[in-house]
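So the sequence lines, in the order shown, correspond to chains A and B.
Numbered as in the numbering used here, the first sequence ends at 202 without a single skipped number.
Numbered as in the numbering used here, the second sequence ends at 202 without a single skipped number.
2 protein chains.
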Amino acid sequence: MIRINLELARYIKKLYGANEHDISEEKFSPKHKIIEQDRRYSKVYFITEGITKCYISDENGKEFIQEFLGEGMEFGELEVFSKKHTICSVETITQLKTLSISHTCFNALLETDNHFNRLIMKALADKIRYKAPRHSYQHSYPIEDNVIRLKKIFPEFTEVISKKDIANYIGVTTRSLNRALKELKEKTDQL
Amino acid sequence: MIRINLELARYIKKLYGANEHDISEEKFSPKHKIIEQDRRYSKVYFITEGITKCYISDENGKEFIQEFLGEGMEFGELEVFSKKHTICSVETITQLKTLSISHTCFNALLETDNHFNRLIMKALADKIRYKAPRHSYQHSYPIEDNVIRLKKIFPEFTEVISKKDIANYIGVTTRSLNRALKELKEKTDQL
DNA sequence: TTTTCAATGGGACAAATGTCCTTTTTAGTG
DNA sequence: CACTAAAAAGGACATTTGTCCCATTGAAAA
Numbered sequence: 012m013i014r015i016n017l018e019l020a021r022y023i024k025k026l027y028g029a030n031e032h033d034i035s036e037e038k039f040s041p042k043h044k045i046i047e048q049d050r051r052y053s054k055v056y057f058i059t060e061g062i063t064k065c066y067i068s069d070e071n072g073k074e075f076i077q078e079f080l081g082e083g084m085e086f087g088e089l090e091v092f093s094k095k096h097t098i099c100s101v102e103t104i105t106q107l108k109t110l111s112i113s114h115t116c117f118n119a120l121l122e123t124d125n126h127f128n129r130l131i132m133k134a135l136a137d138k139i140r141y142k143a144p145r146h147s148y149q150h151s152y153p154i155e156d157n158v159i160r161l162k163k164i165f166p167e168f169t170e171v172i173s174k175k176d177i178a179n180y181i182g183v184t185t186r187s188l189n190r191a192l193k194e195l196k197e198k199t200d201q202l
Numbered sequence: 012m013i014r015i016n017l018e019l020a021r022y023i024k025k026l027y028g029a030n031e032h033d034i035s036e037e038k039f040s041p042k043h044k045i046i047e048q049d050r051r052y053s054k055v056y057f058i059t060e061g062i063t064k065c066y067i068s069d070e071n072g073k074e075f076i077q078e079f080l081g082e083g084m085e086f087g088e089l090e091v092f093s094k095k096h097t098i099c100s101v102e103t104i105t106q107l108k109t110l111s112i113s114h115t116c117f118n119a120l121l122e123t124d125n126h127f128n129r130l131i132m133k134a135l136a137d138k139i140r141y142k143a144p145r146h147s148y149q150h151s152y153p154i155e156d157n158v159i160r161l162k163k164i165f166p167e168f169t170e171v172i173s174k175k176d177i178a179n180y181i182g183v184t185t186r187s188l189n190r191a192l193k194e195l196k197e198k199t200d201q202l
């Protein structure tokens with residue numbers, strides 16, 4: 012549910028240690044919007060600490076959360092390859108620390124650093140791999156099953172992430188999520 | 012709706028022309044399953060002609076279509092980066108021609124051919140970019156709106172792709188799709 | 001041509017989810 | 001500590017979508 016990539020985190024920290032002027036550290040407080048949908052930016056971010064949500068909002072203001080990003084996850088990288096606007100907003104949930112790098116340097120690294128190139132390639136592939144079954148599951152199963160599934164992979168999810176965000180992640184209304192949680196609780200209490 | 016990547020198609024054909032022994036051409040007839048979910052393969056395919064569907068099926072046999080792939084789209088590449096099982100099945104819809112290449116050669120190309128590396132990177136990024144808004148839209152809007160949207164981007168979709176596949180692409184039952192199509196027709200007939 | 005089977009279309013009802021509101025709880029602020 | 005605003009919980013009802021059928025059509029096979 013909260014995606015991480017420790018291998019990438021380790022490597023970007025190592026680069027930061029060796030080559031401080033290309034990579035810079037930034038800190039953000041909770042609920043801070045780092046990237047806004049449909050804009051242009053010229054930096055790629057790597058999370059070293061904390062959690063963000065990455066979401067699309069439509070004209071009615073509905074948010075649909077794509078991913079929760081944790082340590083080692085990158086964002087802002089898609090726009091390096093296809094020079095278009097961002098498709099997602101990224102907003103911090105907890106305090107956040109990032110290492111960031113300009114598009115120019117990112118490109119340079121991709122060309123000169125084979126290992127870096129491979130890590131980014133793998134990170135992209137993993138994003139695709141991860142999304143497919145998730146959306147498939149969400150469509151095919153009732154809300155309750157989705158909640159059970161979340162509980163399994165991340166038992167304390169209700170403590171860290173707000174109900175609204177969880178609902179937007181599953182793609183349902185808060186009302187429906189509450190209903191599912193209540194029914195689930197009643198069922199487990201009976202036992 | 013049917014994704015293509017002409018730039019990649021052009022380049023892989025060019026490579027095929029120059030270096031025939033690493034890349035081989037294959038032909039498949041309609042409804043042929045080229046790749047099956049949860050298996051291992053050692054080839055990457057590039058479509059040069061025809062259409063396939065790429066889908067996940069669950070334990071109840073429900074199919075959820077991730078993408079329809081057309082000219083220039085690749086499949087089987089995700090497993091090069093994370094050496095796991097396939098997450099999708101890929102099945103031809105029309106006759107299909109592909110150029111395929113072994114994992115080993117694919118990796119070699121990525122390392123030695125900068126342009127190829129960049130094209131693959133971009134192809135991965137585009138797959139991510141494309142998926143996000145699509146799933147968001149499908150969750151947020153009723154079936155009818157989704158059908159209207161498909162009509163806009165691919166007017167003759169009902170002729171090429173079966174109702175069942177369209178329904179599995181939108182993530183609804185055939186019954187619901189038919190209902191939506193009927194209501195849509197009634198509305199437009201009134202005008 | 002007849003037969004067969006899959007694809008399509010749709011009726012009737014059930015179940016899941018959304019909408020609209022109101023109440024309760026919680027956390028933060030003056 | 002009291003006050004306020006946001007988050008959470010849930011009642012009542014409407015709407016959407018699914019399930020379970022069966023009828024029709026069309027195309028491929030015998």
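In this text, a Cβ means the ideal position worked out from N, Cα and C, and glycines have one as well.
For the 8 Å CB-CB criterion, Thr63/B and Glu36/B do not form a contact. Judged by DSSP secondary structure, Tyr66/B falls outside any alpha helix (DSSP H) and instead within the beta strand (DSSP E) spanning 63 to 68. Close to chain B, meaning a Cβ-Cβ distance shorter than 7 Å, are the following residues of the region 89 to 120 of chain A: Leu89, Phe92, Ser93, Ile98, Cys99. Among the residues of chain B, those whose CB is under 7 Å from the CB of His146/A are His146, following chain order. When the five nearest sequence neighbours on each side are left out, the beta carbons in the same chain lying within less than 7 Å of the beta carbon of Leu120/B are those of Phe127, in order along the chain. Secondary structure of Val183/A (DSSP, three-state): coil. By the CB criterion at 8 Å, Lys138/A and Lys38/A fall outside the cutoff.
For Thr103/A, there is no enclosing alpha helix (DSSP H); the enclosing beta strand (DSSP E) covers residues 100 to 103. Cβ neighbours of Tyr56/A within its own chain (closer than 6 Å, five residues either side excluded): Phe86, Gly87, Thr109, Ser111.
For Leu26/B, no Cβ of chain A is located within less than 8 Å of the residue's own Cβ.
At least one beta carbon of chain B lies nearer than 8 Å to the beta carbon of Arg140/A. Under the three-pair Cβ rule at 8 Å, the region 161 to 169 of chain B does not count as touching the region 156 to 173 of chain A. For His114/B, the closest C-alpha among the options Glu78/B, Ser187/B, Phe92/B is that of Phe92/B. For Met84/B, no Cβ of chain A is located within less than 8 Å of the residue's own Cβ. Secondary structure of Ser147/B (DSSP, three-state): helix.
The contact set of Phe57/B on chain A, defined by CB atoms closer than 7 Å, is empty, because the minimum CB distance reaches about 16 Å. Close partners of Asp156/A in chain B (Cβ separation under 7 Å) are lacking, with about 11 Å as the shortest Cβ gap. Against chain B, a Cβ distance below 7 Å from Gly182/A picks out His150. Around Lys42/B, the same chain offers no residue with a beta carbon nearer than 6 Å, after the five sequence neighbours per side are excluded. With fewer than 16 other Cβ atoms inside 10 Å of its own Cβ, Thr123/A counts as exposed. Fewer than three pairs of CB atoms, one per stretch, sit closer than 8 Å, so the region 183 to 198 of chain A makes no contact with the region 24 to 31 of chain A. By the 16-neighbour rule on beta-carbons within 10 angstroms, Asn179/A is buried.
Annotated three-state conformation of Ile172/A is coil, per DSSP. By the criterion of a C-beta distance shorter than 7 Å, Glu78/B is surrounded in its chain by Arg14, Cys65, once the five residues flanking it on both sides are discounted. For Phe75/A, DSSP records a beta bridge to Ile67/A.
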